[in-house]
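When we follow UniProt numbering, the leftmost residue of the sequence shown carries the number 1, and every step to the right adds one. Here a beta-carbon is modelled for each residue, glycine too, at the ideal position from N, C-alpha and C.
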Amino acid sequence: MSYKAEYQRSMDDPEGFWKEKAEALSWFKFPEKILSQDEHGIYHWFADGEMNTAYMALDYHVENGRGDNIAMIYDSPVTDTKTQYTFTQLRDEVAKTAGMLAGLGVEKGDRVIIYMPMIPEAVIGMLATARIGAIHSVVFGGFAPPELAVRLEDAQPKVILSASCGIEIKRVIEYKPLLDKAIALSSHKPSSCVMFQRPQATATLVEGRDYDWKTLLETAEPAECTPVKGTDPLYILYTSGTTGKPKGVVRENGGHAVAMNYSMEAIYNMQHGDVFWAASDVGWVVGHSYIVYAPLLRGCTTIVYEGKPVMTPDAGAFWRITEEYGVKGLFSAPTAFRAIKKDDPNADMVGKYDISSLEYIFSAGERLDPPTQEWMMEKTGKPVIDHWWQTETGWGITANLQGIEPMPIKLGSSTVPTPGFNVQILDENGHHLGKNEQGYIALKLPLPPSCLATIWGNVEKFKESYLNSFEGYYASGDGGYIDDDGYVFVMGRVDDVMNVAGHRLSTGEMEEVVGGHPSVAECAVIARDDDLKGQIPIGLVVLKTGADVDEETLSKELVQMIRSSIGAIACYKDTYIVKRLPKTRSGKILRKSMRQMVNGQPYAVPSTIDDVTIMPEIEAQLREKGVIS
Numbered sequence: 001m002s003y004k005a006e007y008q009r010s011m012d013d014p015e016g017f018w019k020e021k022a023e024a025l026s027w028f029k030f031p032e033k034i035l036s037q038d039e040h041g042i043y044h045w046f047a048d049g050e051m052n053t054a055y056m057a058l059d060y061h062v063e064n065g066r067g068d069n070i071a072m073i074y075d076s077p078v079t080d081t082k083t084q085y086t087f088t089q090l091r092d093e094v095a096k097t098a099g100m101l102a103g104l105g106v107e108k109g110d111r112v113i114i115y116m117p118m119i120p121e122a123v124i125g126m127l128a129t130a131r132i133g134a135i136h137s138v139v140f141g142g143f144a145p146p147e148l149a150v151r152l153e154d155a156q157p158k159v160i161l162s163a164s165c166g167i168e169i170k171r172v173i174e175y176k177p178l179l180d181k182a183i184a185l186s187s188h189k190p191s192s193c194v195m196f197q198r199p200q201a202t203a204t205l206v207e208g209r210d211y212d213w214k215t216l217l218e219t220a221e222p223a224e225c226t227p228v229k230g231t232d233p234l235y236i237l238y239t240s241g242t243t244g245k246p247k248g249v250v251r252e253n254g255g256h257a258v259a260m261n262y263s264m265e266a267i268y269n270m271q272h273g274d275v276f277w278a279a280s281d282v283g284w285v286v287g288h289s290y291i292v293y294a295p296l297l298r299g300c301t302t303i304v305y306e307g308k309p310v311m312t313p314d315a316g317a318f319w320r321i322t323e324e325y326g327v328k329g330l331f332s333a334p335t336a337f338r339a340i341k342k343d344d345p346n347a348d349m350v351g352k353y354d355i356s357s358l359e360y361i362f363s364a365g366e367r368l369d370p371p372t373q374e375w376m377m378e379k380t381g382k383p384v385i386d387h388w389w390q391t392e393t394g395w396g397i398t399a400n401l402q403g404i405e406p407m408p409i410k411l412g413s414s415t416v417p418t419p420g421f422n423v424q425i426l427d428e429n430g431h432h433l434g435k436n437e438q439g440y441i442a443l444k445l446p447l448p449p450s451c452l453a454t455i456w457g458n459v460e461k462f463k464e465s466y467l468n469s470f471e472g473y474y475a476s477g478d479g480g481y482i483d484d485d486g487y488v489f490v491m492g493r494v495d496d497v498m499n500v501a502g503h504r505l506s507t508g509e510m511e512e513v514v515g516g517h518p519s520v521a522e523c524a525v526i527a528r529d530d531d532l533k534g535q536i537p538i539g540l541v542v543l544k545t546g547a548d549v550d551e552e553t554l555s556k557e558l559v560q561m562i563r564s565s566i567g568a569i570a571c572y573k574d575t576y577i578v579k580r581l582p583k584t585r586s587g588k589i590l591r592k593s594m595r596q597m598v599n600g601q602p603y604a605v606p607s608t609i610d611d612v613t614i615m616p617e618i619e620a621q622l623r624e625k626g627v628i629s
């Protein structure tokens, strides 16, 4: 079927379209309600279906003769460890781990926080939680205690699964002190913490609360799959809000499984037995969708990689993995490709490996800049395909669908809307804009399966954040346009969330930390374009009268404060002292105008500015400091 026919069918008959896609999976009870609305007017998919995601991902394949196929490969250059699991072996490990959780009192609907590095046990813990109908919430290993504490208070987990440490290129990060501090900060205390001890650092266990993973597992009885409804939550994944308080995106079991399975074929052209590698982390949505669930649902081999694109040991890491395991589809973020390009500008490493198995390189997480895309295509000889999606959707909103009808690549575009996604460009009043007119990117309701159903514990927050801007639409928070050929160009966020190496971080949250410094009167954190990470935050601060601190000292102190509160992933390094900040008469700081200024773009000064002389004044100060060339 052509893309046009497939897409149009998803628009004309969404229920029939998604019912057919649901038939590709093994349900305990096939749903009769394909699409429904709840008392809040929120849409849901497959409400009365009964199923289990872990069963579909593992047991189903074992029962259908694929038990000896490789399900998961673990490759860890930082520990010099390699392990492989067949579908049978992975199912058995998951069943025992599920029994371990059940033995700690975890039941259907309970929450389990997973705070782990990229090791097999992280994936096993996720699948084990799903197996018994509980809800997992994965927090990126090494996240700062205050951030973890907020998630503990919101999700209220019964159990935390963790490991003694994570391993970076030049250091070992002990997780247990971070976890203990987060629990101390949180008003909610989990009943149990299970620690997977790694030889690089051993955690001290708290008597009565903490358990050793391997010891518990030895006596655990394997657990069977617990049937859940299609609308029962599979997981909660936190994403930054503009206020800094994270929002718990809720993913429902039924729609998620259907969309993941469909996307593996439609977007990535992956079949049973193909090797798919999403070079990400299970702490992020890409890891949830395309390290854990989608490849296994599709019967593919997935790779869990504990390393970096460079320096573990070199910029040939991606190509070594591709050759060694016969990777067909590689998926990573633009920041990874920029790091490879920076360390190996002539792509000498590519020629050292046989990458003939590789058919596609996919990119998402932030806009793929054309120079990097062109460089990757030229040096690898492979199509490098951008696609656009969000934590909230869980899979590609726009894509170049390799399993349906591959289309010509246009640099700077994530190609066309994926079947199920009705993508529209609106002005600020919700009116439709024409071709090539830039505006707000919105998705007409109902959203297709796997998109968020609500914010955990707060349906009004869900409506306020996503549904109230444009009636009948989901507001993506991104701006862009659609060209004459129907290609979508996503130009960036329309709010104050920045994208640092694929991680969405709230400027408001960073400003709260910067503003907490005793010498700072007020501040603005804005995104500065960066060749490697896409964007990095910089702080502009106004000092309190009489404050005695120089710029270098202040900058160092704020780096430490951001690291302690948010973590190193914020990549906050530079602070610049200015005399004042531009504001509207109502007191709103003009962050967008300053962001355009520091990035060398033309900037518009709104008529509501309280002093028209301030922007030239700040520009002169920043030029003097070398921020603007």
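Exposed or buried, residue i, counting other C-beta atoms within 10 Å across all chains shown (16 or more means buried)?
i      : result
Ala339 : buried
Lys328 : buried
Gly16  : exposed
Ile169 : exposed
Glu221 : exposed
Gly230 : buried
Val612 : exposed
His288 : buried
Glu624 : exposed
Ala442 : buried
Thr301 : buried
Asp110 : buried
His61  : buried
Gln390 : buried
To the nearest angstrom, how far is it from the Cα of residue i to the Cα of residue j?
i           : j      : result
Ser586      : Tyr440 : Confidence in Ser586 is poor, its pLDDT being 48 and thus under 50, which makes the residue's placement unreliable; the coordinate value appears in the next sentence. So the two alpha carbons sit approximately 24 Å from each other.
Pro370      : Gly412 : 6 Å
Ser164      : Val94  : 20 Å
His256      : Glu437 : 33 Å
Leu185      : Thr215 : 28 Å
Tyr43       : Ile628 : 47 Å
Thr242      : Gly567 : For Thr242, the predicted structure reports a pLDDT of 47, less than 50, and the residue's modelled location is therefore unreliable. A value from the coordinates is still provided. Each residue's alpha carbon lies about 18 Å from the other.
Tyr290      : Ala122 : 14 Å
Gly515      : Thr86  : 52 Å
Gln535      : Lys461 : 28 Å
Pro146      : Ala102 : 29 Å
Glu39       : Val520 : 47 Å
Ala259      : Ala278 : 17 Å
Ala71       : Ala134 : 23 Å
Glu509      : Lys245 : 8 Å
Asn570      : Glu32  : A small correction: the amino acid at residue 570 is Ala; Asn does not occupy that position in the sequence shown. For Ala570 and Glu32, the distance between alpha carbons rounds to 46 Å.
Ile160      : Gly502 : 26 Å
residue 631 : Thr79  : Only positions 1 to 629 of the chain appear in this structure, which leaves residue 631 out of reach.
Ile409      : Gln373 : 10 Å
Ala54       : Arg131 : 5 Å
Ile355      : Ala336 : 18 Å
Val598      : Glu392 : 30 Å
Identify which residue in the options has its Cα closest to the Cα of residue i.
i           : options                           : result
Gly457      : Gln156, Thr97, Leu25 and Glu50    : Gln156
Phe470      : Glu252, Glu460, Pro406 and His432 : His432
Thr507      : Val542, Ile562 and Leu543         : Ile562
residue 632 : Lys573, Ile614 and Cys571         : Lying outside 1 to 629, the shown extent of the chain, residue 632 is not represented and no answer is given.
Ile397      : Tyr325, Ser476 and Val494         : Ser476
Arg595      : Glu107, Val494, Gly420 and Val513 : Val494
Gly365      : Met498, Ile455, Met116 and Ile70  : Met498
Tyr481      : Val416, His517, Leu540 and Val106 : Val416
Ala136      : Ser564, Ser555 and Ile236         : First, the amino acid is wrong: residue 136 is His here, not Ala. Among Ser564, Ser555 and Ile236, the Cα nearest to that of His136 belongs to Ile236.
Leu554      : Leu532, Val578, Lys533 and Asp531 : Val578
Glu405      : Trp388, Asp314, Pro419 and Glu522 : Pro419
Asp531      : Leu368, Leu401, Val559 and Leu445 : Leu368
Gly351      : Lys379, Ser450 and Lys181         : Lys379
Glu617      : Gly600, Arg591, Leu581 and Tyr603 : Leu581
Val150      : Glu252, Gly248, His387 and Gly299 : Gly248
Pro518      : Pro295, Val542, Leu505 and Ala527 : Val542
Gly273      : Phe489, Tyr262, Gln402 and Gly326 : Gly326
Query raised in the report: Three or more C-beta pairs closer than 8 Å, one from the stretch 258 to 268 and one from the stretch 116 to 126: is that the case here?
Result: no
Query raised in the report: Can you list the beta strand (DSSP E) stretches of 3 or more residues lying completely in the stretch 207 to 256, in chain order?
Result: Scanning the stretch 207 to 256 for uninterrupted beta strand (DSSP E) segments of 3 residues or longer gives 210 to 212, 233 to 239 and 247 to 252, listed from N- to C-terminal end.
Report task. Would you check if the stretch 1 to 16 and the stretch 198 to 217 touch, i.e. whether three or more CB-CB distances between them fall below 8 Å? Result -> no
**Report entry** Start-end ranges of the alpha helix (DSSP H) lying completely within the stretch 174 to 209, minimum 4 residues
**Finding:** 175 to 185
Query raised in the report: Okay, do the stretch 319 to 328 and the stretch 293 to 307 touch, 3+ Cβ pairs below 8 Å being the bar?
Result: yes
**Report entry** Every unbroken alpha helix (DSSP H) inside the UniProt domain "AMP-binding enzyme C-terminal" (509 to 588) [4 residues or more]
**Finding:** If we require 4 residues or more, the alpha helix (DSSP H) runs fully inside the UniProt domain "AMP-binding enzyme C-terminal" (509 to 588) come out as 551 to 565.
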